[in-house]
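> Numbering (our numbering), first residue to last: 4 to 540.
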């Protein structure tokens, strides 16, 4: 009996020594979950404090967001479909993508790849241009984001979380939310997507993605922050809903909301089947039938770089509002998009496209364009239909500053002084007008023509109501007579003219920002650039 017990004790000791290191670690003070390809039951977020350093960092960073909520940590198994794993995760769960990988050999068809431009098929390198080791999560179908689900990359230092389509991917989008047929008013919890790199190229180099993110009709806020988007052949982030809604009727039915903040959007030349083209645009928002939507849409402090036809296009309905603050656009518009090549559709190129509606009995949407640095190889800002625009402390650097397509609809300039606080101090400090009040120094815009262009800050505008303010160094030194541009808009008699006056003047009285009589009681405002629209019969 004693001999039998001794043998049993030896066997038990051998079993303990043969445990994998990850399982042994569970008995120490630091908790590291065992590998599992299927989501385990969610746990209170506070119990994950001893997980990997990346998870711990993210929990601390979003401590208020995760307080009292359920979390789940997923691991980068290249044999698994991340979309399927997330589909089994409940609503209102914080999903953390760890940089921990299973101790198994990666199948050749799912090898991690380098962040090379789409012109080159990804290699077997696992180091990005930033020097970080790439941790790849593959999807074989689109991720459907449930109500209140958050997805965060939770990489340890020196690692980067990448989401890519797998070889079996057949959908058009990587992440989707909402439905075309309904706003899903019962789903009201915000969703965050952060600290992820989206790479739309599958391991063998094929680019199957139409848009990385596609928001249809929904009625909650999406916060997309601190991500890197490598553009597919069409759009990076697309919010597109044609259903009708009056957002002012109920605070719980505000329509699609988007906060797009501190993301990097990169475009490169794409080659497929011996055809070369550039991505269409970085971000696209189209909500033409949603009325009176305020404080729901914001594009703030993002960087757009590389090659793409346009950084962003925004189409809003009557009474809508959108903030576009402190973005850096440095893109090359040269090249054709896939739609031009395949369908023969000529695409608008430039920085931002701002589009309103044509119902003259309805309130125009208002865009607040503040503190942006826009450097493009075509036109900085394109406007269509009737809109209101607050323009403050932007630096426009392009061949042409404006493109106004429809002359019969006015672009209405709004008073920029209330938004002076949103300006970038580094930009306004270059203006050099020390004798002027700080508020005006902040809101003055700068225009720089490139590629031997000789156009002025108003070139391309055909129907402006109100005034914009630009760096006085571009003002003509002679104010009388002013430079006059005249044209005959469509739909008017030949005897009608639109005169756009561009003059420098000292203003000591109130500033009228629109024909509606909005004024700012500011005195001694010094030199400014004034754009006035006069109709002469």
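All residues carry an ideal CB built from backbone N, CA and C; glycine is no exception.
Excluding the 5 residues flanking residue 407 on each side, which residues of the same chain have their C-beta closer than 7 Å to its C-beta?
So the qualifying residues of the chain are 386, 414, 463, 464, 465, 466.
> Give a yes or no on contact between the region 366-381 and the region 327-347, applying the rule of three or more CB pairs nearer than 8 Å.
Counting Cβ pairs under 8 Å, three or more are found: they touch.
> When you compare each of 80, 48, 75, 76 to residue 67 by their alpha carbons, which one comes out closest?
Measuring from the Cα of residue 67, the nearest candidate turns out to be 48.
> Within the region 332-417, note down every full alpha helix (DSSP H) run reaching 4 residues or more, in order along the chain.
Listed in chain order, they are 341-346.
> If you reduce the DSSP assignment to three classes, tell me which class residue 446 lands in.
DSSP places residue 446 in helix when its eight states are reduced to three.
> Taking buried to mean at least 16 other C-beta atoms within 10 Å of its own C-beta, is residue 453 buried or exposed?
It counts as exposed.
> Looking only at its chain, what residues have a beta carbon closer than 7 Å to the beta carbon of residue 213, apart from the 5 residues adjacent to it on each side?
Same-chain partners within the cutoff: 175, 176, 235, 237.
> If we count the other Cβ atoms within 10 Å of its Cβ and call it buried at 16 or more, is residue 78 buried or exposed?
Buried, because 16 or more other Cβ atoms sit within 10 Å of the Cβ of residue 78.
> Which partner residues does residue 324 have in the DSSP bridge list?
Residue 324 is bridged to 369.
> From 135, 411, 422, pick the residue whose C-alpha is nearest to that of residue 397; which is it?
Out of 135, 411, 422, 422 has the C-alpha closest to the C-alpha of residue 397.
> Once you ignore the five residues that flank residue 249 on each side, which residues in its own chain have a CB closer than 7 Å to its CB?
294, 295.
> Cα separation between residue 136 and residue 201?
Each residue's alpha carbon lies about 15 Å from the other.
> Alpha carbon to alpha carbon, how far is residue 72 from residue 347? Give it in angstroms, no decimals.
In a straight line, the C-alpha of residue 347 is about 50 Å away from that of residue 72.
> Confirm, please, whether the CB-CB distance from residue 156 to residue 198 is below 8 Å.
In this structure, residue 156 lies closer than 8 Å to residue 198 by Cβ.
> Distance check for residue 426 and residue 401, CA to CA, integer angstroms please.
In a straight line, the C-alpha of residue 401 is about 21 Å away from that of residue 426.
> How do the region 51-58 and the region 176-186 stand: do at least 3 beta-carbon pairs fall below 8 Å, yes or no?
Judged by Cβ distances under 8 Å, the region 51-58 makes no contact with the region 176-186, as fewer than three pairs qualify.
> Who are the near neighbours of residue 339 in its chain, counting only those whose CB is closer than 6 Å to its CB and skipping five residues on each side?
280.
> Which first and last residues belong to the beta strand (DSSP E) in which residue 139 is found?
From DSSP, the beta strand (DSSP E) with residue 139 extends over 136-142.
> Given this structure, state the Cα-to-Cα distance separating residue 265 from residue 410, to the nearest angstrom.
Their Cα atoms are separated by approximately 35 Å.
> Thinking C-alpha only, which one of 172, 263, 310 is nearest residue 195?
Nearest C-alpha to residue 195: 263.
> Over the uninterrupted beta strand (DSSP E) stretch that includes residue 289, give me the two end residues.
Taken as a continuous stretch (DSSP letters only), the beta strand (DSSP E) holding residue 289 covers 284-290.
> What are the boundary residues of the beta strand (DSSP E) that residue 542 is part of?
For the chain, the structure presents residues 4 to 540; residue 542 sits outside this window and is missing.
> Would you mind working out which of 322, 377, 276 sits nearest residue 309, comparing C-alpha positions?
Checking every option, the nearest Cα to that of residue 309 belongs to 377.
> Between which residues of its own chain and residue 210 is the CB-CB distance below 7 Å, once the five residues before and five after are set aside?
Answer for residue 210: 121, 203, 204, 235, 236, 273, 275, listed in chain order.
> Roughly how many whole angstroms lie between the Cα atoms of residue 116 and residue 139?
The pLDDT assigned to residue 116 is 45, lower than 50, so where the model puts this residue is not dependable; a value taken from the coordinates is nonetheless given after this. Whole-angstrom Cα-Cα distance: 8 Å.
> Could you check what DSSP says for residue 220 in three-state terms: helix, strand or coil?
In this structure, residue 220 counts as strand in the three-state DSSP scheme.
> Check whether the Cβ atoms of residue 363 and residue 388 lie closer than 8 Å to each other.
No, these two residues do not count as a Cβ contact at 8 Å.
> Please report the distance separating the alpha-carbon of residue 125 from that of residue 419.
With a pLDDT of 31 at residue 125, under the threshold of 50, the modelled position of this residue cannot be trusted; read the value that follows with caution. Straight-line Cα distance between these residues: approximately 47 Å.
> Since residue 239 contacts residue 180 with CB under 8 Å, what's their CB separation in whole angstroms?
Not really, about 15 Å apart at Cβ, beyond 8 Å.
> What did DSSP end up calling residue 3 once you bin it into helix, strand or coil?
With the chain covering only 4 through 540, there is no way to say anything about residue 3.
> When you compare each of 246, 473, 225, 101 to residue 192 by their alpha carbons, which one comes out closest?
The candidate whose alpha carbon is nearest that of residue 192 is 225.
> With a cut-off of 8 Å on the beta carbons, I'd call residue 215 and residue 178 a contact; round off their distance for me.
About 7 Å separates the two Cβ atoms, so the contact holds.
> Can you tell which of 150, 233, 231, 289 has the C-alpha that lies nearest to the C-alpha of residue 246?
Nearest C-alpha to residue 246: 289.
> Would you kindly check if the distance between the Cβ of residue 403 and the Cβ of residue 457 is under 8 Å?
Against a cut-off of 8 Å, the Cβ pair of residue 403 and residue 457 comes out as no contact.
> Leaving aside the five residues before and after residue 46 along the sequence, list all residues of the same chain whose C-beta is less than 8 Å from its C-beta, in chain order.
Cβ neighbours of residue 46 beyond the five flanking positions: 73, 74, 75.
> Work out the CA separation of residue 270 and residue 392 for me, nearest whole Å.
Those two C-alpha atoms are separated by around 28 Å.
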